[in-house]
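Participant:
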Amino acid sequence: MSKERDVLRRFLIGNHLRGEWVRLNTTWRTVLNRADYPKAVCQYLGQALTATALLSATIKFDGKITLQIRGTGPLHLLVAQVNSNRGVRCTAKWRSAIPDAVSSLHEVFGADAQLLISVNTSGGQERYQGIVDLRGSSLSEALETFFLQSEQLPSYFWLHSDMTCAAGLMIQKMPGAPEDDDSLNRVKILSDTVTAHELINLDAEQLLWRLYHEEGVSLYEPQEVHFECHCSSERTRQLVRSFGAEEANQILSEEGAIAVTCEFCNACYTFDAIDVAQIFNADATGHDGNRTRH
């Protein structure tokens, strides 16, 4: 049985390649326990969450990295995020059944789908954003296209998720590596032999030895990954405040209360007439009214 659970491991192969390996156990099951996703949606959502965790090890950032796929297909929105503390969360929206076997991501997300990756600072400012048309038969291929088109940085991904675990492997040519260095092609051939069973069940040291024992690997210490949602009563009050008093009171008259459910963790925040009055009275007086039930 594997010992490494909910961890990310960075490693180097030779002088010109870097890689990351991640496995999400409790973290992934927490996601599944908070929302009733269809099995096919879980497959793509788990792979996206895994990929986002892998990306967090490739750059230094203080804020969050967001991976988003948006289109007009059956699965029309997929979002995965990781913050600088390795806290991850994700969500998806779908409108109809997802095909079990597909030859193109267009069958799932739509022919017009796009892949977006952005990096935002802790203050909410956008530091980086890259957008490409979604291409390929898998999320791994789509990410490889993204890095080649948007960053001119050859990168390869191997991703797998089921209903108990999500895991992945990433190999990337380091900036400044000689163009005639063929180590990436050689390592990709070796990496293509990895199986879903190995990604899910082998610890990092075992897996890297199995794949690259002749290449010379330097493995770094594990970094914990965990589920973390950023929603809060204060952020939800700000959302209600953005409705304006007239619209908020209209919802109250029709529904009896304003209920806001977080799309990432399914937490529900409820505001009754007293709560709403306090929110808008606070705007008028400059004081914060806080009586939200969560």
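Per this note's numbering, the very first residue in the sequence shown carries number 5; after that it's consecutive. Where a beta carbon is used, it is the ideal one built from N, C-alpha and C, also for glycine.
(1) Who are the near neighbours of V229 in its chain, counting only those whose CB is closer than 7 Å to its CB and skipping five residues on each side?
(2) Of the residues L59, K7 and K68, which one's Cα is nearest the Cα of E232?
(3) Return the CA-CA distance between T54 and F161, expressed in angstroms with no decimal places.
(4) Taking the alpha-carbon of H201 as reference, which of E238, E218 and A170 has the nearest alpha-carbon?
(5) Taking 8 Å as the threshold, find out whether the stretch 41-54 comes into contact with the stretch 94-106 through three or more Cβ pairs.
(6) In whole angstroms, what separates the C-alpha of A281 from that of K177?
(7) Give the range of the alpha helix (DSSP H) segment to which Q210 is assigned.
(8) According to DSSP, is T240 part of a helix, a strand, or is it coil?
(9) So what does DSSP say about E130, is it helix, strand or coil?
(10) Where do the ends of the beta strand (DSSP E) carrying Q156 lie?
(11) Rounding to the nearest angstrom, what Cα-Cα distance links I283 and R245 in this structure?
(12) Considering only C-alpha positions, which residue in the set E258, Y132, I262 and L143 is nearest to E111?
Facilitator: With the given structure in hand:
(1) Looking up residue 229 in the sequence shown gives position 225. Once the five neighbours on either side are set aside, the close Cβ partners of V229 are D10, V11, L12, V26, L28, T31, A57, R90 and V92.
(2) Start at 1 with the first residue of the sequence shown, and residue 232 comes out as number 228. The option with the nearest alpha carbon to E232 is K68.
(3) Locating residue 54 in the sequence shown gives position 50, where the first residue counts as 1. Locating residue 161 in the sequence shown gives position 157, where the first residue counts as 1. Each residue's Cα considered, the two are about 10 Å apart.
(4) For this step, residue 201 is matched to residue 197 along the sequence shown. Per the Cα distances, A170.
(5) yes
(6) Here residue 281 refers to the residue found at position 277 when the sequence shown is read from its first residue. Here residue 177 refers to the residue found at position 173 when the sequence shown is read from its first residue. So the two alpha carbons sit approximately 57 Å from each other.
(7) For this step, residue 210 is matched to residue 206 along the sequence shown. It spans A208 to Y216 - the alpha helix (DSSP H) in which Q210 sits, taken as one unbroken run.
(8) Residue mapping note: residue 240 aligns to position 236 of the sequence shown, counting from 1. Three-state result, T240: helix.
(9) Within the sequence shown, numbered from 1, the residue matching residue 130 stands at position 126. Reduced to three states, the DSSP call for E130 is strand.
(10) Counting from 1 along the sequence shown, the entry for residue 156 is found at position 152. Element bounds for Q156: n/a, residue is neither H nor E.
(11) Here residue 283 refers to the residue found at position 279 of the sequence shown. Here residue 245 refers to the residue found at position 241 of the sequence shown. Going by the C-alpha atoms only, they are around 7 Å apart.
(12) As a working note, residue 111 is residue 107 in the sequence shown. For E111, the nearest C-alpha among the options comes from L143.
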